[in-house]
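Protein chains: 4
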Amino acid sequence: MKKGEKRKQELLKIAYDMFLTRGYENTSVDEIIEKAQIAKGTYYYHFQSKEQMLEEVIDMMIDSEIETAKQIIGMDISVPQKIVGIIASMKPTEVEQPIKDTLFQPENVLMHHKVRKQLIDVLTPLLSEVIQEGVDEGIFECDNIPERVKMLLIISDGTFNEGTFSERDISVFIDMTEKLLGAENGTMSFIYDLIDKSEMEGAQ
Amino acid sequence: MKKGEKRKQELLKIAYDMFLTRGYENTSVDEIIEKAQIAKGTYYYHFQSKEQMLEEVIDMMIDSEIETAKQIIGMDISVPQKIVGIIASMKPTEVEQPIKDTLFQPENVLMHHKVRKQLIDVLTPLLSEVIQEGVDEGIFECDNIPERVKMLLIISDGTFNEGTFSERDISVFIDMTEKLLGAENGTMSFIYDLIDKSEMEGAQ
Amino acid sequence: MKKGEKRKQELLKIAYDMFLTRGYENTSVDEIIEKAQIAKGTYYYHFQSKEQMLEEVIDMMIDSEIETAKQIIGMDISVPQKIVGIIASMKPTEVEQPIKDTLFQPENVLMHHKVRKQLIDVLTPLLSEVIQEGVDEGIFECDNIPERVKMLLIISDGTFNEGTFSERDISVFIDMTEKLLGAENGTMSFIYDLIDKSEMEGAQ
Amino acid sequence: MKKGEKRKQELLKIAYDMFLTRGYENTSVDEIIEKAQIAKGTYYYHFQSKEQMLEEVIDMMIDSEIETAKQIIGMDISVPQKIVGIIASMKPTEVEQPIKDTLFQPENVLMHHKVRKQLIDVLTPLLSEVIQEGVDEGIFECDNIPERVKMLLIISDGTFNEGTFSERDISVFIDMTEKLLGAENGTMSFIYDLIDKSEMEGAQ
DNA sequence: GATGAATGAGTATTCATTCAT
DNA sequence: GATGAATGAATACTCATTCAT
């Protein structure tokens, strides 16, 4: 890493926080440089434009997501557990506690949209490998694995990352996952125990 | 309808088109009133703010969507066909030809997000009734119908309304739908013939 | 009073309250008609313009002020007491309890300015008569009565109607009044007992 | 003074003139930048808002007023002459010929109000020192000097800065000033000779 | 007497970006 | 590498007033 890169990384970190908490569109370049204590010129020395900075912030998020996924894959846990681990890691809030659910707030529609799209693209092959492992082990039985994985990711994002969900949502999700992957009934039911009850419908 | 309401409806229609083609955020009030040939004051006489106008535009879309869904339900077609018809109607482009896919373009993330959310909420009970009908007829066999419906809507939106999709996506979707609803293999395979091939991967 | 005059009087009353509490410039015609439950056209049927309405509101205030002053003059109290009574009545808050000091708030600079000017013009001759009465009785001894009265009104407005004042301000005011009118030391010292202590410096 | 400060000072000077001649509220930001030949952004780079600019303009006026007062205090003239000099300097028009009485025109109520308030606060201690000097010299004899000073300022502003005044107003003002400060009859009568007759009642 | 839809000039403010130093 | 003064197009919204019905 070059010398000037260090400051750039700091800037990305600051912007990442601000975009997440206030939304990309509600965060002005002025606010970023004020928080970073740098001059306007310095900002534009490092980034061509605000939008390009957003891309870099997102890349940073995606990279860290891939990292996490790879770590999970390398763990000594069962295939179903790896799947659930990777899906759960899509939610940044699981990792970064102080920032709570903000990526999924209305002010963050644009950023969520971009992240979600790339995340699905990037996680699909990784998760596909895991599923294939499961197929090889005889736990799953299915074809068109990448397409099934994509669907899995779409559903989990749509179900758990927006608004609230109920116990029934979980049970249907488990049922669907098993059938989608051609697993035996009950294979994925351990999911239920992992869910953060505080986010469930009716919870305060 | 009161007298003043007529002009308001015209305005909503114009804004609906503009929001859809250029995106909500990229459409300025100035552009709307210029197209509508009215004065600034007239605009603000009818709408408290641009955002409130967006809400009304969305309400209009939702209302028309409900109307369409109800018509489909009333038709003399099979239950699986009703389901597919309602799901397909979520895409406004099927109805309004001139506006092509724009609701799902990047500039329309915000609007798509809002519409999608409400659409799912509003279509879920309607579609649930249809599924129940199918259960009663013995075509389907499942519990937690509303949750399954919601998942169906999330998937179809995520799969077909964003970016491109392949034949494999369709076949997985059909498989998943059948299993999600507890239908016999092949029940939904007629879907494949309905898909607009021009939107498929590889197609221009 | 004509029939239509009744509604006009109601409107003036409503506007008077609004102007006083929110300031003339911060009160829009829309807000007035909404509170009065009338149409725009009706408003402009009764008033040529918003500014002309302000004049009428001020006239209303001045008229009521004159009325009060005349009543005080007619009372069976001493000349010094009449003087103080009239001066005190300049503050609308003494009469209209719910509206507290608002005429002298920053948002009401314009209205205060206009009222103050007219009030001084209108009260000067009335108060001059009272002073003359005092001269005739031998309590006061001075020439140029109207000019002295005007000065008295300017001081009392500037001292008591804006911001806070202290006991020393009162004692200087009393001293000055006595000397300005050529009264014996102690003639006006009863004023001190009448002052609303709650408005004094240091008071909560 | 930093480099960027120079342009800011120019802007303040321009705004000062415009606020004075046309009134604060009647001067738009557009007009200011057009006269200053700068871009909108430049204006908002230097000032947070139009209102904040007004505060800075007023501060500038107050500062120059204090400067003038201090110069007068340092002069080799009699105490009564110092007093009159300071009071007279409250009127900016005495100093800045091109701007004629505008601060006291109806369109300037707001600005006059703000200036007047601060001016009284700022001049009171300065003038009090002068009075104390006079007391020490045996010319005046009084207590509660700051309160008397404040009253003096209120009266002179109310009498000479608004509308017209007559010879009688002057003579009453002189009489009152002498008595307020406990001076011998005739001490302040030189004032009469200093008054600009062109502003007196009857004069055009 | 009363209505309310229509007007349109006017206003302050935002903000990503540039560039000479 | 870094600065910060300058840019100017863009934007949403206000509000007193008019007038046909």
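Protein chains in written order, with full-length UniProt numbering: chain A, 1 to 204; chain D, 1 to 204; chain C, 1 to 204; chain V, 1 to 204.
For glycine and all other residues, C-beta sits at the position ideal for the given N, C-alpha and C.
With DSSP as the reference, label residue i as helix, strand or coil.
| i | result |
| --- | --- |
| residue 165 of chain A | strand |
| residue 139 of chain C | coil |
| residue 15 of chain V | helix |
| residue 56 of chain D | helix |
| residue 21 of chain V | helix |
| residue 179 of chain V | helix |
| residue 127 of chain A | helix |
| residue 76 of chain D | coil |
| residue 151 of chain C | helix |
| residue 6 of chain A | helix |
| residue 27 of chain C | coil |
| residue 184 of chain V | coil |
| residue 91 of chain C | coil |
| residue 38 of chain V | coil |
| residue 48 of chain A | coil |
| residue 145 of chain D | helix |
Comparing the C-beta of residue i with each C-beta of chain D, is any distance below 8 angstroms?
| i | result |
| --- | --- |
| residue 179 of chain A | yes |
| residue 164 of chain A | no |
| residue 31 of chain A | no |
| residue 46 of chain A | no |
| residue 147 of chain A | yes |
If we ignore side chains and look at the alpha-carbon of each, how far apart do residue i and residue j end up?
| i | j | result |
| --- | --- | --- |
| residue 123 of chain V | residue 130 of chain V | 11 angstroms |
| residue 73 of chain V | residue 78 of chain C | 45 angstroms |
| residue 153 of chain C | residue 174 of chain C | 13 angstroms |
| residue 94 of chain A | residue 88 of chain A | Confidence in residue 94 of chain A is poor, its pLDDT being 38 and thus under 50, which makes the residue's placement unreliable; the coordinate value appears in the next sentence. Whole-angstrom Cα-Cα distance: 8 angstroms. |
| residue 57 of chain V | residue 11 of chain V | 10 angstroms |
| residue 36 of chain D | residue 18 of chain A | 38 angstroms |
| residue 40 of chain C | residue 52 of chain C | 16 angstroms |
| residue 194 of chain C | residue 126 of chain V | 32 angstroms |
| residue 141 of chain V | residue 176 of chain V | 14 angstroms |
| residue 28 of chain V | residue 30 of chain C | 24 angstroms |
| residue 113 of chain A | residue 109 of chain D | 7 angstroms |
| residue 59 of chain D | residue 163 of chain A | 20 angstroms |
| residue 181 of chain V | residue 189 of chain V | 14 angstroms |
| residue 81 of chain D | residue 42 of chain C | 59 angstroms |
| residue 115 of chain V | residue 7 of chain V | 24 angstroms |
| residue 55 of chain V | residue 47 of chain V | 10 angstroms |
| residue 5 of chain V | residue 44 of chain V | 14 angstroms |
| residue 155 of chain C | residue 9 of chain C | 33 angstroms |
Please check the pair residue i and residue j, which I expect to be a contact at CB under 8 angstroms, by giving their CB distance rounded to whole angstroms.
| i | j | result |
| --- | --- | --- |
| residue 66 of chain A | residue 118 of chain A | At roughly 10 angstroms, the Cβ-Cβ gap does not stay under 8 angstroms, so residue 66 of chain A and residue 118 of chain A are not in contact. |
| residue 139 of chain V | residue 187 of chain V | 7 angstroms |
| residue 172 of chain C | residue 151 of chain V | 6 angstroms |
| residue 240 of chain C | residue 32 of chain C | Outside the displayed range of chain C (1 to 204) lies residue 240 of chain C, so it cannot be described from this structure. |
| residue 111 of chain A | residue 24 of chain A | 5 angstroms |
| residue 169 of chain C | residue 147 of chain V | 5 angstroms |
| residue 158 of chain C | residue 158 of chain V | 6 angstroms |
| residue 26 of chain A | residue 133 of chain A | Contact flag wrong, Cβ pair sits at about 43 angstroms. |
8 angstroms is my cut-off, CB to CB: does residue i come that close to chain A?
| i | result |
| --- | --- |
| residue 59 of chain D | no |
| residue 144 of chain D | yes |
| residue 172 of chain D | yes |
| residue 169 of chain D | yes |
| residue 7 of chain D | no |
| residue 184 of chain D | no |
| residue 141 of chain D | no |
| residue 51 of chain D | no |
Any beta carbon of chain C sitting closer than 8 angstroms to that of residue i?
| i | result |
| --- | --- |
| residue 155 of chain V | yes |
| residue 176 of chain V | yes |
| residue 20 of chain V | no |
| residue 151 of chain V | yes |
| residue 158 of chain V | yes |
| residue 55 of chain V | no |
| residue 98 of chain V | In this prediction, residue 98 of chain V has a pLDDT of 43, which is less than 50 and means its spatial position is unreliable; what the coordinates show is noted afterwards. Residue 98 of chain V does not count as touching chain C. |
| residue 10 of chain V | no |
Is there a Cβ from chain V that is less than 8 angstroms from the Cβ of residue i?
| i | result |
| --- | --- |
| residue 109 of chain C | yes |
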